[in-house]
Amino acid sequence: MEGTTHSFRSWSTISVGFLRLCFILVNNLYCIPTYIIWMYILWPIQIVNPKLYWKIEGHMFHFLLAMVSLWCDSAGYRILEAGDDISECLDKRTLIIANHQSTGDVPMLFSCYNVRKGVLPNVMWIMDSLFKYTNFGAVSYLHQDFFIKSGKQHREKALHDLSTHLSNKYIPLNRNWLVLFPEGGFLRKRKAISHKYAEQNNFPKLENVSLPRVGALNIIMNAVGPKSTTNNNCKNYSCNRTELGPTQISYVLDITIAYPKGIPIDLSHIVFGHRTPCETVFFYRLYRSSEVPEESDAMRDWLFKRWVEKERMLQSYYDTGEMSTEFSRTKVYKPKLVVQDNLRFLILHLFFVISSYVHVRMFFAVYYSCMHYLVY
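In this text, residue positions in the sequence shown follow the numbering used here: the first is 628, and each later residue adds one.
Below is the structure:
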């Protein structure tokens, strides 16, 4: 009897996984091209009214990320927000720093902030250049996210390019949140390198996180930190300081991503839904950007201290099932479950399906017009 039950569950898991894979592939097919086509159709607006164009683009970008949120939510992977109240930084220029464990981190971030009005349309992601060649790469390129090349041979140029990108894109496009994973890679890939570096430089060896890299943080704080002069260098997109408002980053939001029992959700779980539904904790600690030291070594020590605290918080969570509040910045708020809006998901699906139909009709209309012109 147990064998029959186990066999049924296995086949059920395989069937559900196959159906989810088909849905996500089709979902990509009618969503991503729709976003790209609309952005090119509307491109003339960017010439006459850049502010309107990028506002439309931001909402379209949010619509796409909502689809990814649906993938997570429909698989039963929910998010609990805990720690500091972040309401004051939602519409401010904010640097997000988070630990990086797996391919599921970014979709889970999408899912968490899908319900926060105005966050995802105005976010800029700093991601590995390899992401450019994925199905979402074209979307990130059009959204003006930054692709950073990893490896020592690319480090200096990558950091210089990041500084330029912040001046020429982040500020003129009036983005608010800037998302950075300081570890520079997934925990499973970075841990051995982190341990070796810690031994060589007398730093703490961490098990639940890897030592963060300070280079990108240094560049960001110099370019758009509280004492930067980026607002004097803004050149593109008809940049106007009075329209853009404050150009410096006001806050640094530290997010500790804690998966149940230390086993991260990865992209395969999200696609196939074969992992048991669970809740992931996002623990917030909010800092004023002026609290980050300016001097490089002091900035490194500040960042390392945050990661050592993450190590202890995560270990406490893995051992007890509860996140330690020892390092909380303000009054601790009870964990709050992020609840998605299913009606909004339905409306957005209809939007993308109808848009795809319109684009196909437009394509055939142009095709037949061209054929008629060539023949006659």
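Yeah, the Cβ is synthetic: ideal placement off N, Cα and C, and Gly gets one too. This one's a predicted model, so the numbers in the text were calculated from it and none came from an experiment.
- With respect to phenylalanine 737, phenylalanine 758 sits apart: the two C-beta atoms are not nearer than 9 angstroms.
- In the displayed model, lysine 961 falls within a strand according to three-state DSSP.
- The criterion of a C-beta distance shorter than 9 angstroms is not satisfied by histidine 999 and tyrosine 704.
- It is roughly 8 angstroms from the alpha-carbon of methionine 687 to the alpha-carbon of proline 748.
- Per the DSSP secondary-structure output, alanine 885 pairs in a beta bridge with Val908.
- In this structure serine 696 does not touch glutamine 875 by the C-beta definition: roughly 30 angstroms separates them, more than the 8 angstroms allowed.
- Rounded to whole angstroms, the separation of the alpha carbons of phenylalanine 978 and arginine 971 is 10 angstroms.
- In the DSSP assignment, glycine 842 falls within the alpha helix (DSSP H) that extends over 842–851.
- Note on geometry: alpha-carbon atoms of lysine 832 and asparagine 762 lie some 36 angstroms from one another.
- In this structure threonine 947 is exposed. Its beta-carbon is surrounded by fewer than 16 other beta-carbon atoms within 10 angstroms.
- When only Cα atoms are considered, glycine 710 and arginine 840 end up about 24 angstroms apart.
- In this chain, tyrosine 704 is not harboured by any alpha helix (DSSP H); it is covered by the beta strand (DSSP E) spanning 704–710.
- Rounded to the nearest angstrom, the Cβ distance from aspartate 772 to glycine 745 is 18 angstroms, too far for a contact under 8 angstroms.
- With contact defined as three or more Cβ pairs closer than 8 angstroms, the stretch 920–940 and the stretch 812–820 are not in contact.
- Per DSSP, isoleucine 672 lies in no beta strand (DSSP E); the unbroken alpha helix (DSSP H) holding it starts and ends at 670–675.
- Between the stretch 795–806 and the stretch 820–828 there are fewer than three inter-stretch CB-CB distances shorter than 8 angstroms, so the stretches are not counted as touching.
- Assignment of valine 879 by DSSP, reduced to helix, strand and coil, places it in the strand class.
- The continuous beta strand (DSSP E) containing threonine 721 extends over residues 721–725.
- The three-state reading of DSSP puts methionine 751 in strand, counting E and B together.
- In this structure asparagine 726 touches threonine 883 by the C-beta definition: roughly 6 angstroms separates them, less than 8 angstroms.
- Counted as a single uninterrupted DSSP element, the alpha helix (DSSP H) harbouring phenylalanine 737 occupies residues 732–740.
- Secondary structure note for valine 935: its alpha helix (DSSP H) is the uninterrupted segment 923–947.
- Put simply, the backbone Cα of isoleucine 892 is about 8 angstroms away from that of aspartate 732.
- Comparing alpha carbon positions, the residue from Tyr657, Ile713 and Ile668 closest to phenylalanine 690 is Tyr657.
- The stretch 927–939 makes no contact with the stretch 678–685: fewer than 3 CB pairs, one atom from each, lie closer than 8 angstroms.
- The straight-line gap separating the alpha-carbon atoms of methionine 950 and valine 836 is approximately 15 angstroms.
- Taking the Cα positions, valine 993 is about 35 angstroms away from leucine 646.
- The C-beta distance from tyrosine 886 to glutamine 728 rounds to 7 angstroms, short enough to fall under 8 angstroms.
- With a cutoff of 9 angstroms on beta-carbon distance, serine 777 and alanine 785 are scored as near each other.
- In the structure shown, arginine 817 adopts helical secondary structure according to DSSP, grouped into three states.
- When DSSP states are grouped into helix, strand and coil, arginine 971 belongs to the helix group.
- In the same chain as serine 790, and ignoring 5 residues on each side of it, the C-beta atoms closer than 8 angstroms to its own belong to Ile846, Asn849 and Ala850, in chain order.
- A residue is called buried once 16 or more other Cβ atoms fall within 10 Å of its Cβ, and arginine 912 is buried on that count.
- Counted as a single uninterrupted DSSP element, the alpha helix (DSSP H) harbouring phenylalanine 899 occupies residues 894–899.
- With respect to the C-alpha of arginine 782, the residue from Ile753, Leu807, Ala843 and Glu708 having the closest C-alpha is Ala843.
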